[in-house]
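Student: Attaching a single structure in structure tokens format; questions to follow.
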Amino acid sequence: MTEVGAGILISALWGGLLALERRAFLQAALSRPLPAAVGVGALLGDVTSGLMVGLVFELFHLGGASLGGAHADHETLPSVTGASLAAALGHASGSDATPAVWSLAILLCAPLGIVGRRVDTRLDARARRYLGRLVDAVDAGAVEQAARQNLRAMWPHFAFSALLCGGAVVVGGLLAPVQQALPVSLVRGLAWAYPLLATVAAAAAVHASQGEGRLRIAAVVALVVALALLGALGVRTWA
Amino acid sequence: MGVTLSPWTLWRCFWRSLFLQAGFNTEGLQSLGLVFSLSPALLALYPDPAQRQAAFRRHLAPFNTHPYVAAAIVGGILFHELRIARGEAPPESVERFKALLMAPLAALGDGFFWLSLRPAVGALSVALVPLLGGWAVAVYLVLYNLVHLVARWRLFRAGLSMGEALVPRLKSLNVPRWGQRLRVLAAAAAGGSASWLAVKFGSHARGWLEPALDVASLAFGVFVVFLLSRKVSPYVLLYVAGALAIALGAAGVV
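These protein sequence lines are chains S and D, in that order.
Numbers 0 to 238, taken from numbering that gives the first Met the number 0, label the letters of the first sequence in order.
Numbers 0 to 253, taken from numbering that gives the first Met the number 0, label the letters of the second sequence in order.
Shown next, in the form of structure tokens:
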């Protein structure tokens with residue numbers, strides 16, 4: 000199997016399994032953006048891309064939660080596809096992924112959060128058929144088989160997620176020549192975009208944290224951290 | 000009398016409760032998952048086909064709660080089903096129990112796990128990335144699951160041994176207060192992360208531009224929080240920020 004083929008398979012399997020973890024089994028935070036992206040990054044040989052893409056989506060989706068029957072945006076899909084795309088683009092370019100590649104991956108994959116939410120809602124409606132089969136089986140007295148309908152409903156989530164995550168590796172490979180043909184000024188702009196995208200995500204996290212006095216607390220901590228870091232940098236820069 | 004459930008059957012019910020949401024659907028919500036969880040116990044408790052069928056029918060009604068605290072309800076249902084099988088309680092008692100606890104426990108679980116613990120651990124782990132790199136993920140998973148898995152198992156045991164008496168026990172834990180503290184931690188960690196990112200943004204430049212970009216980036220973060228409070232979509236802000244940086248970079252400003 001080629002390296003690209005292995006990458007597609009790995010990303011598809013990881014994405015599919017995390018879709019099951021997120022939706023159907025355990026919900027132990029493995030499918031949260033940071034662990035999910037770092038995991039696929041490690042599997043594809045680019046932990047740094049996983050970390051840098053994952054932390055942005057972790058902050059961006061920090062307050063997302065499915066409450067009642069309403070779904071939040073899908074946080075796992077953009078994270079795994081983003082990290083897979085960045086890693087594949089880096090490999091295809093023959094170098095490590097750069098901040099410009101991370102920005103590109105984030106901007107291309109962020110809307111998959113909305114797509115994933117809509118597909119989740121569609122699959123919820125589709126899963127009613129399994130409830131109907133359960134009721135029929137109980138009425139027929141076949142109770143031993145009835146309960147297993149529960150597990151059948153989760154596989155469409157696996158398939159959908161695997162398809163998109165595997166596809167991200169393909170797209171990453173296809174984008175390599177396009178990225179290399181971009182003007183240097185645009186690549187520089189994309190590289191500058193990364194910390195700014197992360198700042199938006201961090202601001203979204205502060206907004207979503209819902210703690211009493213969250214803005215005051217976040218501002219004080221931000222100021223303390225900034226002064227500490229600037230002090231350290233200042234010694235280096237202006238000495 | 001003498002009807003009981005073996006430790007193996009109880010373990011199977013607990014294990015299956017981890018799949019509670021697998022069959023979530025718009026009609027029965029988590030009822031498929033609930034029947035799946037209870038199935039080993041109902042098969043053991045009711046050897047008579049008619050009684051067994053009636054027991055399964057009791058749990059086909061729509062059911063929805065938080066997936067972690069559902070462990071307490073699954074445990075409590077087993078508590079009631081044991082009593083029903085022994086003839087100590089009427090079948091309606093288990094339906095009353097579910098109806099009584101489903102919504103309050105959902106609110107408790109959503110508020111603590113989804114809106115407090117998870118954001119706090121997530122934001123803290125991101126804040127630790129500059130110090131720990133990829134190991135921040137290990138911190139994330141250990142911290143979160145230490146609370147999550149212990150809570151799930153203890154809630155299951157509590158429901159199984161206490162039934163409705165579980166409610167005052169949960170009240171005494173004052174979970175909302177812990178949730179409030181965790182939300183403050185999430186805000187603080189997110190603020191720290193924003194600051195680190197702002198300084199990282201500036202560190203690409205040299206001379207006077209470096210502190211200027213740090214301050215501009217932090218100010219931009221504050222402005223984004225303001226816009227989010229005005230219901231501006233975070234996706235719109237993400238793309239505006241991307242376009243702004245690309246334009247500045249392309250124009251040679253930064």
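Heads up, the beta-carbon is just placed ideally off N, CA and C, and yes, glycines get one too.
Kindly confirm or deny that the segment 96 to 114 of chain S and the segment 69 to 86 of chain S touch, where touching means at least three C-beta pairs closer than 8 Å.
Tutor: A contact exists between the segment 96 to 114 of chain S and the segment 69 to 86 of chain S.
Student: Considering Cα atoms alone, identify which of D:A250, D:G27, D:L28 is closest to P182 of chain S.
Tutor: Measuring from the Cα of P182 of chain S, the nearest candidate turns out to be D:A250.
Student: List the residues of chain D whose Cβ lies closer than 7 Å to the Cβ of H206 of chain S, in chain order.
Tutor: Residues of chain D passing the Cβ test: V224, L227, S228.
Student: For N63 of chain D, decide whether its Cβ has a neighbour in chain S, counting only Cβ atoms nearer than 8 Å.
Tutor: So yes, N63 of chain D belongs to the interface.
Student: Closest to V283 of chain S by C-alpha separation, out of D:L226, D:L19, D:V174, D:Q52, would be which residue?
Tutor: Residue coverage of chain S in this structure runs from 0 to 238, which leaves residue 283 of chain S outside it and unanswerable.
Student: Taking a cut of 8 Å between CB atoms, which residues from the segment 17 to 30 of chain D lie near chain S?
Tutor: Those would be L17, F18, Q20, A21, G22, F23, N24, T25, E26, G27, L28, S30, in chain order.
Student: Run through DSSP, which three-state label would F55 of chain D get?
Tutor: Three-state DSSP puts F55 of chain D in a helix.
Student: Are the beta-carbon atoms of S30 of chain D and P61 of chain D separated by less than 8 Å?
Tutor: Yes; because the gap between Cβ atoms is below 8 Å, this pair is in contact.
Student: Does P103 of chain D come within less than 8 Å of chain S when only Cβ atoms are used?
Tutor: Not closer than 8 Å to any Cβ of chain S, the Cβ of P103 of chain D fails to qualify, so no.
Student: Can you pull out the residues from the segment 159 to 192 of chain D whose beta carbon lies closer than 7 Å to at least one beta carbon of chain S?
Tutor: Here the close residues are Q179, R182, V183, A185, A186, A187, A189, G190, G191, S192.
Student: Distance, Cα to Cα, P167 of chain D vs D135 of chain S?
Tutor: Those two C-alpha atoms are separated by around 39 Å.
Student: Distance, Cα to Cα, M153 of chain S vs L19 of chain S?
Tutor: Roughly 7 Å separates the two Cα atoms.
Student: At the 8 Å Cβ level, is R213 of chain S part of the contact set with chain D, yes or no?
Tutor: Output row for R213 of chain S: interface = yes.
Student: Can you name the start and end residues of the alpha helix (DSSP H) that S48 of chain S belongs to?
Tutor: Note, S48 of chain S: alpha helix (DSSP H), 46 to 59.
Student: In chain order, what residues of the segment 80 to 99 of chain D put their CB closer than 8 Å to some CB of chain S?
Tutor: Per Cβ criterion, the list is empty.
Student: Short of 8 Å in beta carbon distance, which residues of its chain neighbour T3 of chain D, apart from the five on each side in sequence? Order them along the chain.
Tutor: The residues are L81.
Student: Since S102 of chain S contacts A190 of chain S with CB under 8 Å, what's their CB separation in whole angstroms?
Tutor: At roughly 7 Å, the Cβ-Cβ gap stays under 8 Å, so S102 of chain S and A190 of chain S are in contact.
Student: Only counting the same chain, and skipping five residues up and downstream in sequence, which positions put a Cβ closer than 6 Å to that of A70 of chain D?
Tutor: These residues qualify, in order along the chain: S16, R151, L154, F155.
Student: How long is the line joining the alpha carbons of A5 of chain S and D47 of chain D, rounded to whole angstroms?
Tutor: For A5 of chain S and D47 of chain D, the distance between alpha carbons rounds to 52 Å.
Student: Are G38 of chain S and S48 of chain S touching if we call contact CB-CB under 8 Å?
Tutor: Cβ distance not < 8 Å, so G38 of chain S and S48 of chain S don't count as in contact.
Student: Starting from G62 of chain S, find everything on chain D with Cβ-Cβ shorter than 8 Å and list it in chain order.
Tutor: Result: L114, P118.
Student: Should R127 of chain S and H73 of chain S be called a contact, given that it needs their Cβ atoms to be closer than 8 Å?
Tutor: Contact flag unset, no.
Student: Below 7 Å on C-beta distance, what does S38 of chain D contact in chain S?
Tutor: Per Cβ cutoff of 7 Å: A146.
Student: Any chance you could list the beta strand (DSSP E) runs of at least 3 consecutive residues sitting entirely within the segment 191 to 239 of chain D, in chain order?
Tutor: Those beta strand (DSSP E) runs which fall completely within the segment 191 to 239 of chain D and span 3+ residues do not exist here.
Student: Can you give, in chain order, each stretch of the alpha helix (DSSP H) that sits fully within the segment 22 to 84 of chain D and has at least 4 residues?
Tutor: Runs of the alpha helix (DSSP H) inside the segment 22 to 84 of chain D: 30 to 44, 48 to 56.
Student: Distance check for P6 of chain D and A195 of chain D, CA to CA, integer angstroms please.
Tutor: Ala is not the amino acid found at residue 195 of chain D; the sequence shown has Trp there. Cα-Cα distance, rounded: 51 Å.
Student: Return the residue from the list S:A139, S:E2, S:V52 that minimises the CA-CA distance to V128 of chain D.
Tutor: It is S:V52.
Student: Helix or strand or just coil, what does DSSP make of L181 of chain S?
Tutor: Looking at L181 of chain S - three-state DSSP - the assignment turns out to be coil, as it is neither helix nor strand.
Student: For A96 of chain S, return the contacting residues in chain D, with the cut-off set at a CB-CB distance below 9 Å.
Tutor: Within chain D, no residue comes near A96 of chain S; the closest Cβ sits about 15 Å away, beyond 9 Å.
Student: Which residues of chain S have a Cβ atom closer than 7 Å to the Cβ of V256 of chain D, listed in chain order?
Tutor: Summary: the structure shown does not reach residue 256 of chain D, with chain D confined to residues 0 through 253, and so no result is reported for it.
Student: Check whether the segment 113 to 133 of chain D and the segment 56 to 71 of chain S touch, using three or more Cβ-Cβ pairs below 8 Å as the test.
Tutor: Contact holds: three or more Cβ-Cβ distances are below 8 Å.
Student: The alpha helix (DSSP H) with A150 of chain D in it runs from where to where?
Tutor: Note, A150 of chain D: alpha helix (DSSP H), 134 to 161.
Student: Quick check: the Cα distance between V118 of chain S and L174 of chain S, rounded to an integer number of angstroms?
Tutor: So the two alpha carbons sit approximately 26 Å from each other.
Student: Could you tell me the distance, in whole angstroms, from the CA atom of G22 of chain D to the CA atom of L16 of chain S?
Tutor: Cα to Cα, G22 of chain D sits roughly 16 Å from L16 of chain S.
Student: Put L66 of chain S into one of helix, strand or coil per three-state DSSP.
Tutor: Three-state DSSP puts L66 of chain S in a strand.
Student: Pull out every residue of the segment 192 to 203 of chain S whose Cβ sits closer than 7 Å to any Cβ of chain D, in chain order.
Tutor: Answer in chain order: A192, P194, L195, L196, A197, T198, V199, A201, A202, A203.
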